[in-house]
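Enquirer: Supplied in structure tokens, the structure appears directly below.
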Amino acid sequence: MILTLPSHAHGFVHARLDRQPGISGFGTVLHLARLNHFSARDFATAFGFGFQYREDLSQVLAFSAARQARLKHVVTGVEDVPEIWRPHEWQPFEGHLWQWLPWRLRLCPCCARTGYHTNLFQMPWIERCPWHDVPLLEQCRRCGTPWSEGFKRTGVLLQCPCGVDYVKEHEVLDSALVLEGERQALIETYLSWAQDQRSQAVLIGPEEPDPGARLAIAALVTAPASLRPWTSMWHRASYETHRRDLLRRPASQPPKEDARTATTQYAKSFWPGLPGMAQLPATLAPTLVAVTRELAAGLSDSALTSREREAWSLAPNKRAVIGSSRQELLLLPLQRVVGGLYLDVRMLPRSAYRTLSLLAHRLINNDPAYAHGASGSHALLGAAMSKVLAPAYAAGFTVVAGRYLPALYDHYRLRAGYRAPWLLLNCDQQGASSVRIAWSQRRSWASIEVADQAKQTVRGGSRHVKKTTRGPQRARG
Numbered sequence: 001m002i003l004t005l006p007s008h009a010h011g012f013v014h015a016r017l018d019r020q021p022g023i024s025g026f027g028t029v030l031h032l033a034r035l036n037h038f039s040a041r042d043f044a045t046a047f048g049f050g051f052q053y054r055e056d057l058s059q060v061l062a063f064s065a066a067r068q069a070r071l072k073h074v075v076t077g078v079e080d081v082p083e084i085w086r087p088h089e090w091q092p093f094e095g096h097l098w099q100w101l102p103w104r105l106r107l108c109p110c111c112a113r114t115g116y117h118t119n120l121f122q123m124p125w126i127e128r129c130p131w132h133d134v135p136l137l138e139q140c141r142r143c144g145t146p147w148s149e150g151f152k153r154t155g156v157l158l159q160c161p162c163g164v165d166y167v168k169e170h171e172v173l174d175s176a177l178v179l180e181g182e183r184q185a186l187i188e189t190y191l192s193w194a195q196d197q198r199s200q201a202v203l204i205g206p207e208e209p210d211p212g213a214r215l216a217i218a219a220l221v222t223a224p225a226s227l228r229p230w231t232s233m234w235h236r237a238s239y240e241t242h243r244r245d246l247l248r249r250p251a252s253q254p255p256k257e258d259a260r261t262a263t264t265q266y267a268k269s270f271w272p273g274l275p276g277m278a279q280l281p282a283t284l285a286p287t288l289v290a291v292t293r294e295l296a297a298g299l300s301d302s303a304l305t306s307r308e309r310e311a312w313s314l315a316p317n318k319r320a321v322i323g324s325s326r327q328e329l330l331l332l333p334l335q336r337v338v339g340g341l342y343l344d345v346r347m348l349p350r351s352a353y354r355t356l357s358l359l360a361h362r363l364i365n366n367d368p369a370y371a372h373g374a375s376g377s378h379a380l381l382g383a384a385m386s387k388v389l390a391p392a393y394a395a396g397f398t399v400v401a402g403r404y405l406p407a408l409y410d411h412y413r414l415r416a417g418y419r420a421p422w423l424l425l426n427c428d429q430q431g432a433s434s435v436r437i438a439w440s441q442r443r444s445w446a447s448i449e450v451a452d453q454a455k456q457t458v459r460g461g462s463r464h465v466k467k468t469t470r471g472p473q474r475a476r477g
């Protein structure tokens, strides 16, 4: 993989772009714009592309292939986009990370002084600069203005309206080659590791925008042995982030046919994602019953009828309400039928239900595991589904039952809100080998939808901007 740009820059003043390993598309524009004193109005003429002021320039240069090609052509004379400009190349897993996670420009203040930025800084699991050991910044230190907002006001990259300028032109020229060797060593090692990981790891999430997922995704990725010399740059796990690690446990012999059938049927209940009744394994009954009882512990004795208490697996109570039971509360909890255990998946949060559907798809299509019946791969994926299902059941139960019993929200564990699950699945020749699960920061109950609601969710709807009669302001060249 080529880590630098060619040495020529077609008439621009620059400090050896061919000696800046790992520099991003935004870093290239930052480097050239500040040395050549270009403002936002000059970009269309100088770099061959325009942009809207409402756009984050760093995001545009990370995901717009057309503008990347124009910039590369202006700078080098060819239009093949460098791989280091694509954020996907820096991910140690497959998956559309930035489709669901908000993009925020992050930079090292020491690297910014010399006009350097790399997409490594954008990865959620990177917390500090590996070369200066300082925290990465998303906004001005003095006034807290985000970098993109400051650019809108001043027209000069990384020059804040409060007067702080984070780039020093003379340092861009004087210290261009100081860290070349150190950057080259880290970037080569990191990209090689990320490429290897993408062939065996995949990110599974709720497939919806989740601003609180940054810490959860950071907790999914840990430093490998090859990057131990730069361990200080990695995110340090927070007590606020709940994480579970599941490993495959090989068995002495393949599971019996009825056990495998039960696991497959469990997965098919959640795939292809159509609302209905899911058939659950018997081992889940104690967990879900315990969840129901814990949620009901804060209710008064007269909150439920005798029949509702029986459906919720609660002990009989003489103070129970005498009257007609509410059908929704009777069908909400786990249903025991002669043929097994069933759960109405319409009561689950949509985000968790989509995650369960994706896991179910992985289990059903876990082809290598069929040739290695004793590998434990199917059991691992089934366990991962159960770990996601239990908290999702608690959240959905709270939302639906809370319509009739608002006192449920007084529970000390439910006041903060709901957490969405994110998973990192690792595979090998024998199927799934490990699963790491992390839950995002809690969000308000008002933002949670369950599948029984009439309102339909449109994927990616948050990315569409309402049309107005007045077009957005465009930077003029």
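Under UniProt numbering, the first residue of the sequence shown is numbered 1, with each subsequent residue one higher. All C-beta atoms in this analysis are idealised placements derived from N, C-alpha and C, irrespective of residue type, glycine included. Being a predicted model, the structure only gives us computed values, none of them experimental.
(1) Where does M123 sit, in a helix, a strand or coil, going by DSSP?
(2) Determine, using beta-carbon pairs with one atom in the region 11-20 and one in the region 135-145, whether at least three such pairs fall under 8 Å.
(3) For the beta strand (DSSP E) containing W193, list its first residue and its last residue.
(4) Could you work out which residue in P161, W234 and G396 is closest to R124 when comparing CA atoms only?
(5) With distances taken Cα to Cα, identify the nearest neighbour of Q122 among P224, L299, R214 and R336.
(6) Between the alpha carbons of R476 and L17, how many angstroms are there, rounded?
(7) In chain order, what residues of the same chain have a beta carbon less than 7 Å from the beta carbon of W271, not counting five sequence neighbours either side?
(8) Mind reading off the beta-carbon distance from M385 to Y342? Whole number of angstroms is fine, and I expect it under 8 Å.
(9) Return the bridge partner residues of V337 from the DSSP annotation.
(10) Who are the near neighbours of R244 in its chain, counting only those whose CB is closer than 7 Å to its CB and skipping five residues on each side?
(11) To which residues does DSSP link T419 through a beta bridge?
(12) Just to check my reading of the structure: L61 and V29 have Cβ atoms closer than 8 Å, yes? What is that Cβ distance to the nearest angstrom?
(13) Any heavy atom of the ligand NAP closer than 6 Å to the Cβ of R128?
(14) Mind checking which residues open and close the alpha helix (DSSP H) that includes V202?
(15) Please classify I217 as buried or exposed, where buried requires at least 16 neighbouring CB atoms within 10 angstroms.
(16) Where does T76 land, buried or exposed, given buried means 16+ other C-beta within 10 angstroms?
(17) What would DSSP say about H14, mapped onto helix, strand or coil?
(18) Compute the distance between the beta-carbons of S377 and L247, then report whether it is under 7 Å.
(19) Give the range of the alpha helix (DSSP H) segment to which W147 is assigned.
(20) Rounded to whole angstroms, what is the Cα-Cα separation between A223 and H242?
(21) Have a look at G431 and N317 and give me their C-alpha separation to the nearest angstrom.
(22) Thinking C-beta only, is P206 closer than 7 Å to A46?
(23) Starting from M385, trace the alpha helix (DSSP H) both ways and give me its first and last residue.
(24) Among P102, L97, V134 and W90, whose alpha-carbon lies nearest the alpha-carbon of C111?
(25) At a Cβ threshold of 7 Å, is Y53 touching chain B?
Expert: The relevant details are as follows:
(1) It is coil, neither helix nor strand.
(2) Two segments are said to touch when three or more pairs of C-beta atoms, one from each, lie closer than 8 Å; by this definition the region 11-20 does not touch the region 135-145.
(3) Run containing W193: none in the beta strand (DSSP E); it sits in the alpha helix (DSSP H), E180 to R198.
(4) First, the residue type needs correcting, since residue 124 is Pro and not Arg in the sequence shown. Of the listed residues, the one whose Cα sits closest to P124 is W234.
(5) For Q122, the nearest C-alpha among the options comes from R214.
(6) Confidence in R476 is poor, its pLDDT being 42 and thus under 50, which makes the residue's placement too unreliable to answer from.
(7) Closer than 7 Å at Cβ, skipping near neighbours: S357, A360, H361 and I364.
(8) Your pair M385 and Y342 does not check out as a contact, with CB atoms roughly 15 Å apart and the cut at 8 Å.
(9) Looking at the DSSP assignment, V337 forms a beta bridge with G340.
(10) K387 and I437, listed in sequence order.
(11) The sequence shown places Arg at residue 419, not Thr. According to DSSP, which records beta bridges pairwise, R419 is partnered with nothing at all.
(12) Correct: roughly 6 Å between the Cβ atoms.
(13) Of the ligands one can find in the structure shown there are none, so the ligand NAP has no counterpart to examine.
(14) Counting along the chain, V202 falls outside any alpha helix (DSSP H), though it belongs to the beta strand (DSSP E) covering A201 to I204.
(15) It is buried - the Cβ of I217 has at least 16 other Cβ atoms within 10 Å.
(16) That one is buried.
(17) For H14, the three-state secondary structure derived from DSSP is coil.
(18) If you check the CB distance, S377 and L247 do not come in under 7 Å.
(19) Annotation for W147: the continuous alpha helix (DSSP H) segment containing it runs W147 to T154.
(20) Each residue's alpha carbon lies about 18 Å from the other.
(21) A direct Cα-Cα distance of roughly 49 Å separates G431 from N317.
(22) Going by beta carbons, A46 and P206 fall outside the 7 Å limit.
(23) M385 -> alpha helix (DSSP H) spans S377 to A401.
(24) Looking only at P102, L97, V134 and W90, the smallest Cα-Cα distance to C111 is reached by V134.
(25) No chain B appears in the structure shown, which is made up of a single protein chain.
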